[in-house]
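Enquirer: Residue numbering for the sequence shown follows UniProt numbering, starting at 1 and increasing by one per position.
Okay, here's the structure, questions in a sec.
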Amino acid sequence: MSLILRVDHLKAMRSHAEQAYPNECCGLMLGTFAQPSLKHLIEVRAVENAWDEHVARDVEACDADDDLPLSKSHRYWVNPQEMLTVMREARSRNLDIIGIYHSHPDHPAVPSECDRRLAWQQYSYIIISVQQGMAQDLQNWHLNEAHQFQPEAIELAVSPPTSIITMSAFPTL
């Protein structure tokens, strides 16, 4: 499993994560499923973190998570209506939502139990660790058949667009 993206995608996600600090940011990744095990990112779409007390009350999947407070500083939520709107727009351009990115303020770029319970198997999940307001690490994840997160490779597209390099660490941008 791999996700191909460009440096400008990484910069956009990093900037969004830093701007949202100390809250979690979230956004949608639009692109194509190039092959069953390969996704190609075309556009990063920042969306509002719609987590609030109503969502916290309705989302039982996060009740038994760690001892973190159920707030925007430790949770994210994409408004389903906004997701549907973006999905329709993407489809009109022959694209799909291929993943979701979000930040972890002052926590590692590792999925929480809440992240796992709310995740969909076909998507990529990029998590950006933001320490004291600065993006420090970025990891990409996908769910396996047992509904457990596994690391997913990121391949960085370079010029010409068909060339790629494999990224093993968060690049300095």
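Backbone N, C-alpha and C define an ideal beta-carbon position, used for all residues, glycine too.
(1) Rounded to the nearest angstrom, what separates R93 and V86 at their Cα positions?
(2) Could you tell me whether the stretch 14-33 touches the stretch 42-55, using the rule of 3 or more Cβ pairs below 8 Å?
(3) Could you tell me the distance, in whole angstroms, from the CA atom of W141 to the CA atom of F149?
(4) Please check the pair L41 and M29, which I expect to be a contact at CB under 8 Å, by giving their CB distance rounded to whole angstroms.
(5) Alpha carbon to alpha carbon, what distance is there between H102 and M1?
(6) Chain C beta carbons: is any one of them nearer than 9 Å to that of A119?
(7) If you follow the alpha helix (DSSP H) that A12 is in, where does it begin and where does it stop?
(8) Please report the residue range of the alpha helix (DSSP H) in which L118 lies.
Expert: With the structure as the only source:
(1) 11 Å
(2) Segments in contact, yes.
(3) 6 Å
(4) 5 Å
(5) Cα-Cα distance, rounded: 20 Å.
(6) Looking at the structure shown, chain C is missing, and only one protein chain is on hand.
(7) 7-20
(8) 113-118
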